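In the numbering used here, the protein residues as written are 36 to 157.
Glycine included, every Cβ here is placed at the ideal spot set by N, Cα and C.
Bear in mind that the values here come from a model prediction, so they are computed numbers and not experimental data.
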Amino acid sequence: MVNHRTIGERAPALSAEDLAALRENLHEQLRFRREQIEQLTSAAPGDGPGGRRAAAQAEVGAQLAASARMVLADVEAALRRMDEGRYGSCRLCRRPIARELLAIVPQARHCARCRQVREAGR
Ligand SMILES: [Zn+2]
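Structure, rendered in structure tokens:
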């Protein structure tokens, strides 16, 4: 069925079942993050008494919403890669990302080794 040439990339060792499960997982995260952002951004600070505390909460909410949006963007990008057939290979070394890693972090863009290198370089 799939017969397009891979350009210097080894196909990731993911079965159709793996991909289906990972896609489901990504959609789950998409829903969860969208709800989370919705909740965080709809809680507008009140002007009544305790307004300062509400403002502080809104500040925390805005930060949480910002990080939720980042995860959401990663998840959306992973789904795009899946649609384009590029899902599951490391962005840096182009090697397949381990299934075990994808099972935990389905939106992962880097293999375990490159993740370590990136973290060590910080
Ligand atoms: Zn890599």
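Contacts around residue i, its chain only, beta-carbon distance under 6 Å, and the 5 residues preceding and following it disregarded
i	result
Thr76	Ala100
Leu136	Ala143, Ala147
Proximity test, residue i beta-carbon vs ligand 1 heavy atom, cut-off 7 Å
i	result
Cys127	Just to set this straight, residue 127 is Leu in the shown sequence, not Cys. Result yes, Cβ under 7 Å from ligand 1.
Arg148	yes
Arg130	yes
His62	no
Whether residue i touches residue j by CB criterion (8 Å)
i	j	result
Ala113	Tyr122	yes
Val110	Leu65	yes
Arg68	Val95	no
8 Å CB neighbourhood of residue i in its chain, flanking five on each side removed
i	result
His62	Leu114
Own chain, CB closer than 7 Å to residue i, minus 5 neighbours either side, in chain order
i	result
Met36	Reliability fails at Met36, whose pLDDT of 49 lies under 50, so the model's placement of it is uncertain and the value that follows must be treated cautiously. Result list for Met36: empty, nothing under 7 Å.
Asn60	Pro141
Arg40	Residue placement at Arg40 is poorly supported in this model, since its pLDDT is 47, which falls under 50; the coordinates still yield a value, given next. Hits under 7 Å: none found.
Any non-hydrogen atom of ligand 3 closer than 7 Å to residue i Cβ
i	result
Arg58	Summarising the ligand content, the structure contains ligand 1 and does not contain ligand 3.
Original post:
Does the pairing of the segment 60-75 with the segment 89-109 give three or more beta-carbon distances under 8 Å?
Top reply: They touch, by the three-pair rule.
Original post:
Fully enclosed by the segment 41-127, which alpha helix (DSSP H) runs are 4 residues long or longer?
Top reply: Fully enclosed alpha helix (DSSP H) runs of 4 or longer: 51-77, 86-118.
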